[in-house]
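Structure record follows, encoded as structure tokens.
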Amino acid sequence: NAGVMQNPRHLVRRRGQEARLRCSPMKGHSHVYWYRQLPEEGLKFMVYLQKENIIDESGMPKERFSAEFPKEGPSILRIQQVVRGDSAAYFCASSPPGTPGYTFGSGTRLTVV
Amino acid sequence: DQQVKQNSPSLSVQEGRISILNCDYTNSMFDYFLWYKKYPAEGPTFLISISSIKDKNEDGRFTVFLNKSAKHLSLHIVPSQPGDSAVYFCAASRPSGGGADGLTFGKGTHLIIQP
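For the protein sequence lines, the chains are A and B, in the order given. First residue of the first sequence? That's 243 in this note's numbering, and the numbers climb one at a time after it. First residue of the second sequence? That's 870 in this note's numbering, and the numbers climb one at a time after it.
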């Protein structure tokens with residue numbers, strides 16, 4: 243039973259490009275969460291999704307960031323027109339319904355040059 | 870506004886001794902608390918949790934204590950081992966409902982176990 247799979251592990255983008263981060267939850271998990279960790283900071287909640295539904299996006303920046311979790315396939319965190327300040331580690335986590343703790347993936351380290 | 874605070878960015882402990890990591894929170898709505906351990910270049914891994922109806926939860930070398938009146942929790946590791954060297958994050962959650970199921974994390978404490 244594979245854990246939470248994130249890809250790519252490392253992503254380099256030039257300013258103004260788009261970044262797409264993928265997350266496949268653990269088998270049987272229907273809830274997906276995205277977190278961002280800036281250097282020297284803790285993990286900050288971004289968005290919580292269930293299949294085809296955004297449940298809570300209170301942590302998402304208002305512009306350029308979007309997330310989806312389609313009926314088939316992985317969850318995608320999309321960052322348009324990246325800026326240097328978007329450089330961070332982005333972690334995805336998943337859980338079964340009704341569980342407050344969850345399992346994290348290994349993260350995607352985004353570097354904007 | 871930091872709702873979960875870990876005031877010690879780092880802690881150095883000798884191997885075999887007790888490591889005590891502290892965490893304070895400000896939001897009285899939090900009712901479930903978790904500790905995660907994180908190695909470099911890896912995702913956080915769940916360590917231990919405690920519900921607000923308890924004041925202590927133990928799992929092997931790890932014990933979490935919760936003092937609700939002080940809004941304080943601590944993680945005790947005894948005896949400390951070299952493999953415990955990692956960053957430890959305290960996290961808290963509110964009751965489900967209203968859709969906000971994200972965890973609120975502290976900034977982490979880097980625990981260094983010295984031989």
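We treat Cβ as the ideally placed atom computed from N, Cα and C, and that holds for glycine.
Practice prompt. Check whether the region 951 to 959 of chain B touches the region 343 to 353 of chain A, counting contact only when three or more Cβ pairs, one atom from each stretch, lie closer than 8 angstroms.
Written response: no
Fill in: Short CB-CB distance (under 9 angstroms) between B:P948 and chain A
no
Fill in: Secondary structure of A:R326, DSSP reduced to three states
helix
Worksheet item: From A:T353 to B:K923, what distance separates their C-alpha atoms?
Response: 42 angstroms
Worksheet item: Among B:R886, B:P913, B:T895 and B:S897, which one has its Cα closest to the Cα of B:T978?
Response: B:P913
Item to complete: Taking B:E911 as the query, report the chain A residues whose CB atoms sit under 9 angstroms from its CB, ordered along the chain.
Response: F346, S348 and G349
Practice prompt. Could you check what DSSP says for B:D953 in three-state terms: helix, strand or coil?
Written response: helix
Discussion item. Could you check whether the Cβ of A:A335 sits closer than 9 angstroms to any Cβ belonging to chain B?
Written reply: yes
Worksheet item: Given A:R262, which residues of its chain have a CB within under 7 angstroms of its CB, disregarding the five upstream and five downstream residues?
Response: I318 and R320
Discussion item. Against chain A, with Cβ distances strictly below 9 angstroms, would B:T895 count as a contact?
Written reply: no
Practice prompt. Indicate whether A:G197 and B:Q950 have their beta-carbon atoms separated by less than 9 angstroms.
Written response: Since the displayed chain A opens at 243 and closes at 355, residue 197 of chain A lies outside it and no answer follows.
Discussion item. Helix, strand or coil, according to DSSP, for B:Y901 in the structure here?
Written reply: strand
Worksheet entry | Where the region 267 to 292 of chain A meets chain B: residues whose CB sits under 7 angstroms from a CB there | Y275, E283, G284, L285, F287 and Y290
Item to complete: Give the secondary structure of B:F974 by DSSP, where H, G and I count as helix, E and B as strand, and everything else as coil.
Response: strand
Item to complete: Check whether the Cβ of B:I981 lies closer than 8 angstroms to any heavy atom of the ligand SAH, and answer yes or no.
Response: The ligand content of the structure shown is nil, which means the ligand SAH is not present either.
Practice prompt. Using a Cβ cut-off of 9 angstroms (strictly closer), state whether B:T973 contacts chain A.
Written response: yes
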